[in-house]
Amino acid sequence: MDRYAIETVGIPGIELMRRAGASAFAALLERWPEARTLSAICGGGNNGGDGYVVARLAHEAGMDVRVYPVAPPANLKGDALTAYQDYRAAGGEILDFIPADFEGAEVLVDGLLGTGLDREVGGLYAEVIKAVNRFSGRVMALDIPSGLHADTGSALGVAVKADLTVTFIGLKQGLFTGEGPEYAGEIVFADLGTPPEVRYSVKPSAMLLPPWERGLPARPRYAHKGHFGHVLVVGGDHGYSGAARMAAEAAARVGAGLISIATRKSHADSLNLTRPELMCHGVETAEDLRTPLERATVIAVGPGLGRSEWARTLLGAVLDTELPIVADADALNLLAENPRKRDNWVITPHPGEAARLLESSSADIQKDRFTAVRRLQAQFGGVAVLKGSGSLVCGLDGLPYVCTAGNPGMASGGMGDVLTGVIAGLLAQRLDLFEAAALGVQLHSAAGDEAAKTGARGLLACDLMDPLRRLVNL
Amino acid sequence: MKVTLRDEAETLALAGRVYRAMPSGGLVFLHGNLGAGKTTFVRGWLRAAGFSGPVKSPTFTLVEEYSFEDRVVYHFDLYRLNDPEELEWMGFRDYLRPNAVCFIEWPERGAGLLPRADLDISLEIAGTERIADIVSETAQGQEILARL
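Those protein sequences? They're chains A and B, same order as listed.
Per this note's numbering: the first sequence = residues 2 to 475.
Per this note's numbering: the second sequence = residues 117 to 264.
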């Protein structure tokens with residue numbers, strides 16, 4: 002995109018660099034208007050050049066500025082060299098040592114490494130990044146936190162933890178999933194005055210899901226419950242009945258017309274005591290499941306299912322139907338043992354389940370979540386949702402969508418079961434497979450954020466039920 | 117014109133008939149609640165036009181584009197539009213060209229800024245069936261209806 006802006010649109014590279022520095026400095030002033038002291042760490046490439054522009058603007062604004070060139074200025078070339086010379090011509094000083102810590106400044110500007118990075122950060126650069134992360138003040142990263150891989154969102158050994166990242170011309174997918182958001186902090190996008198065609202010059206590698214602002218369409222007045230489908234939740238082995246119950250309740254709260262649960266006989270009668278709207282069937286054999294399957298329009302399979310012979314039998318019966326399915330939890334672990342492909346299902350693994358499905362490790366999945374979700378979709382068909390910070394949704398076209406909503410309070414038991422129910426409930430209301438999965442992920446995260454307003458710690462899956470209902474009617 | 121569609125195949129077939137009755141440009145509104153078959157209709161139309169790839173509902177992108185030799189097809193979903201003014205910002209008028217076919221789901225969200233449709237199609241859910249009601253608001257639309 003930078004090249005397109007320079008070569009095709011005809012904006013000179015140094016002009017883009019000056020605009021980048023200016024928009025970053027403006028973002029800095031907006032966040033921290035009181036700041037009087039600023040340190041900038043500049044590497045040897047264009048990211049360092051952006052840093053020199055910010056340093057010059059800060060110097061001209063009368064701030065106390067310290068610049069630490071991690072690469073010798075004598076080795077600078079092209080636009081970065083020009084930006085350095087501009088800074089010096091404006092009267093800016095440089096320091097020729099790297100301090101053990103950066104205390105003393107209020108804001109630290111990270112212009113060390115940019116987006117081209119694709120191998121482990123080592124030596125002096127790694128030491129500087131560690132020193133930045135010990136710094137107690139505010140950190141602003143230019144374009145991307147140094148050390149973060151722009152495509153995968155994983156740290157290449159070590160990466161800068163920024164409070165603010167001002168990213169230029171195009172959004173980098175790595176800022177939004179896995180470890181990316183943790184390193185990036187608040188993300189500000191600056192198009193640097195480039196026309197939209199610059200962003201159309203490359204095919205997007207991923208899309209952002211917009212925030213949840215509007216619920217489902219109002220219901221027609223003549224509607225009856227048959228309009229909104231019948232979700233059957235299959236799961237809840239001994240000791241795990243709550244998972245099936247939460248999935249069922251979530252499906253009900255997002256508007257499915259009827260909800261049934263097929264679960265162990267021993268707790269089928271007690272499972273709906275506090276939620277009598279749910280219909281519970283005790284099933285022990287595939288035959289027991291036949292009638293509930295005939296009445297359902299959508300199946301959610303997996304919550305609390307376990308991996309017993311009972312679980313295998315029920316999953317087999319579910320997979321023999323033609324109905325749309327949401328498969329989660331142990332349904333996915335069983336699927337990993339006997340992989341199969343299906344067009345009309347949504348699979349919703351967390352990184353651990355994804356690792357089993359792809360015969361990989363969770364660490365490897367997390368290293369490149371975009372590739373992982375595309376592989377899940379390609380191997381298992383339908384729509385794949387890879388849960389975790391920055392959940393990803395990938396359908397038939399192979400383009401992952403990133404959800405930036407959600408919070409760490411949602412890392413608690415039952416949240417996945419609720420998501421399964423939400424997606425099944427949307428499918429029951431005739432959304433298509435991809436819409437149900439993507440809107441379901443958004444809705445679930447937005448409900449989690451609403452429920453976490455009183456505190457992330459201690460957030461329970463059932464706390465999402467009221468927000469789900471409110472948001473789906475927004 | 118009112119047509120009862122007994123299943124999805126009949127929705128696809130009706131869309132194919134509309135494709136064959138249409139010239140290379142036009143504006144088509146699609147009304148109907150969730151699951152009424154708006155995107156299915158567009159898929160049927162695109163299949164009849166020879167497009168075999170996946171047809172995705174433009175829920176998140178606002179518009180999906182399909183290019184053919186003699187025309188471009190734009191499929192809009194305005195449900196998530198907050199204000200009809202947003203149509204201006206996205207340069208909506210540029211899409212309404214002679215050799216462009218525009219399908220618009222939830223046109224009521226763009227009320228006031230959209231021109232009159234050649235075909236205004238409502239899909240209503242009636243049990244497992246759908247009732248399609250097609251009216252035209254332009255001379256070109258009348259010709260299409262006559263050919264249907």
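Don't be surprised by glycine CBs; every beta carbon is placed ideally from N, CA and C.
Task: Beta carbon of A:Ala142 nearer than 7 Å to that of A:Val159 - done: no
Open item on the list: My output table needs one value for B:Asp123: the three-state DSSP class, helix, strand or coil.
Closed with: Correct three-state label for B:Asp123: coil.
Task: Endpoints, the alpha helix (DSSP H) within which B:Val158 is located - done: Lys154 to Ala164
TODO: For A:Ala297, go through chain B and note every residue whose CB falls closer than 8 Å to its CB, in chain order.
DONE: Under the 8 Å cutoff, chain B gives no residues; its nearest Cβ is about 16 Å from A:Ala297.
Task: Cβ-based burial, A:Ala25 [other Cβ within 10 Å; buried from 16] - done: Counting the other CB atoms within 10 Å of its CB gives A:Ala25 a total of 16 or more, which places it among the buried residues.
Task: Local conformation of A:Arg67 per DSSP, three classes - done: strand
Open item on the list: Quick check on B:Phe208: does DSSP put it in helix, strand or coil?
Closed with: In the structure shown, B:Phe208 sits in a helix (DSSP, three-state: H, G or I).
Task: 7 Å Cβ cutoff met for A:Phe229 and A:Gln430 - done: Going by C-beta atoms, A:Phe229 is nearer than 7 Å to A:Gln430.
TODO: Evaluate contact between the segment 206–217 of chain A and the segment 187–195 of chain A, counting only Cβ atoms and requiring at least three cross-stretch pairs below 8 Å.
DONE: Short answer: they don't touch.
TODO: Would you mind telling me which residues of chain A sit closer than 8 Å to B:Pro174, beta carbon to beta carbon, in chain order?
DONE: Result: empty, since nearest Cβ-Cβ is about 10 Å, beyond 8 Å.
Task: Proximity to A:Ala224 [Cα-Cα], best of B:Glu245, B:Ile241 and B:Gln258 - done: B:Ile241
Task: Range covered by the alpha helix (DSSP H) that runs through B:Ser238 - done: First-last for B:Ser238: Leu235 to Ala242, but that is the beta strand (DSSP E), not the alpha helix (DSSP H).
Open item on the list: For A:Gly391, count the other beta carbons within 10 Å of its own beta carbon; 16 or more makes it buried, fewer makes it exposed. Which is it?
Closed with: buried
Task: Terminal residues of the beta strand (DSSP E) in which B:Tyr190 lies - done: Segment Val188 to Asp193, the beta strand (DSSP E) holding B:Tyr190.
Open item on the list: Assuming A:Gly389 and A:Pro352 are in contact, meaning their beta carbons sit under 8 Å apart, how far apart are those beta carbons, in whole angstroms?
Closed with: 6 Å
- [ ] Round the Cβ separation of A:Cys404 and A:Gln380 to the nearest angstrom and send it over; I've been treating them as touching at under 8 Å.
- [x] The pair is not a contact, with the Cβ atoms about 22 Å apart (cut-off 8 Å).
Open item on the list: I need the straight-line Cα distance from A:Val232 to B:Gly228, nearest angstrom please.
Closed with: Each residue's alpha carbon lies about 40 Å from the other.
Task: Euclidean distance between Cα positions of A:His239 and A:Thr286 - done: 15 Å
Open item on the list: List, from N- to C-terminal side, the alpha helix (DSSP H) runs of 4 residues or more that fit wholly inside the segment 116–145 of chain A.
Closed with: The segment 116–145 of chain A contains these whole alpha helix (DSSP H) runs: 124–135.
TODO: Tell me whether the beta-carbon of B:Val189 lies closer than 7 Å to the beta-carbon of B:Val217.
DONE: yes
- [ ] Please list the partners that A:Gln430 has in chain B, where partner means a Cβ-to-Cβ separation under 9 Å.
- [x] Leu150 and Gly151
Open item on the list: Distance check for A:Thr349 and A:Ala385, CA to CA, integer angstroms please.
Closed with: 6 Å
- [ ] Step through the CB atoms of chain B and report whether any lies within less than 7 Å of the CB of A:Arg254.
- [x] No, A:Arg254 does not count as interfacial toward chain B.
- [ ] Using three-state DSSP, classify A:Ala297 as helix, strand or coil.
- [x] coil
Open item on the list: I want to see whether chain B comes within less than 7 Å of A:Asp192, judged by CB atoms only; does it?
Closed with: no
Open item on the list: Between B:Pro170 and chain A, is the shortest Cβ-Cβ distance under 7 Å, so that the two count as touching?
Closed with: yes
TODO: Return the CA-CA distance between A:Pro182 and A:Val167, expressed in angstroms with no decimal places.
DONE: A direct Cα-to-Cα measurement between A:Pro182 and A:Val167 gives close to 13 Å.
TODO: Kindly say whether B:Arg196, judged by its beta-carbon, lies nearer than 7 Å to any beta-carbon of chain A.
DONE: With 7 Å as the cut-off, B:Arg196 counts as an interface residue toward chain A.
Task: Where A:Trp311 sits in the DSSP three-state scheme - done: helix
TODO: Since I believe A:Arg313 is in contact with A:Ala337 (beta carbons under 8 Å), could you give me their beta-carbon distance rounded to a whole number of angstroms?
DONE: The pair is not a contact, with the Cβ atoms about 13 Å apart (cut-off 8 Å).
- [ ] Have a look at A:Leu432, A:Leu420 and A:His268 and flag the residue whose alpha-carbon is nearest the alpha-carbon of A:Asp464.
- [x] A:Leu420
Open item on the list: Helix, strand or coil for A:Tyr223? Go by DSSP, reduced to three states.
Closed with: Coil.
Task: A:Ala385: first and last residue of the uninterrupted alpha helix (DSSP H) it sits in - done: Not the alpha helix (DSSP H): A:Ala385 falls in the beta strand (DSSP E), residues Val384 to Leu387.
Task: Own chain, CB closer than 8 Å to A:Leu279, minus 5 neighbours either side, in chain order - done: Within its own chain, the residues whose Cβ lies closer than 8 Å to the Cβ of A:Leu279, once the five positions on either side in sequence are excluded, are Arg246, Ala249, Glu250, Ala253, Ile260, Ser261, Ile262, Leu272 and Asn273, listed in chain order.
- [ ] Would you grab the beta carbon distance between B:Phe184 and B:Ala165 for me? Rounded to a whole angstrom, and I think it's under 8 Å.
- [x] 6 Å
Open item on the list: Please tell me whether A:Glu481 has its Cβ less than 7 Å away from any Cβ of chain B.
Closed with: Coverage of chain A is limited to positions 2 through 475, which leaves residue 481 of chain A absent and any answer about it impossible.
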